[in-house]
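In my numbering, the protein residues as written are 168 to 270. These notes are about the structure you will find just below.
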């Protein structure tokens, strides 16, 4: 069953979004064919990376290692939902104090 994993990068923690193409290439290499990168959207406050995966927890652990390599993991949150679903299950931070939402 496919799940949609969304990794949110808060804009305050980033110098700019020029690194996104490089991050996408690194994620493709690290995650392989089991994960489909759907792309990203950019708003004034956040950047959301979208991926389809059968195992969102494992995928996030591997993706987080890639983000750490780029030094952009400080302002990260992540959650997943069934493809086409509405309700998110939070993955990171471990004790999320706010509900995960998209703009």
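Just so you know, even glycine gets a beta-carbon here, dropped at the ideal spot from N, CA and C.
Is residue 213 helix, strand or coil by DSSP? Looking up residue 213 in the chain shown gives position 46. Strand, per DSSP.
Do residue 199 and residue 217 have their C-beta atoms closer together than 8 Å? Counting from 1 along the chain shown, the entry for residue 199 is found at position 32. Counting from 1 along the chain shown, the entry for residue 217 is found at position 50. The Cβ-Cβ distance between residue 199 and residue 217 does not fall below 8 Å.
State the start and end residues of the unbroken beta strand (DSSP E) segment that holds residue 178. Locating residue 178 in the chain shown gives position 11, where the first residue counts as 1. Segment: none, residue 178 is in no beta strand (DSSP E) and carries neither H nor E.
Beta-ladder partner(s) of residue 206, from DSSP: Here residue 206 corresponds to residue number 39 of the chain shown, with the count starting at 1. According to DSSP, residue 206 shares a beta bridge with 217.
Residue 243: first and last residue of the uninterrupted alpha helix (DSSP H) it sits in: Start at 1 with the first residue of the chain shown, and residue 243 comes out as number 76. Per DSSP, residue 243 belongs to no alpha helix (DSSP H); it is in the beta strand (DSSP E), 243-249.
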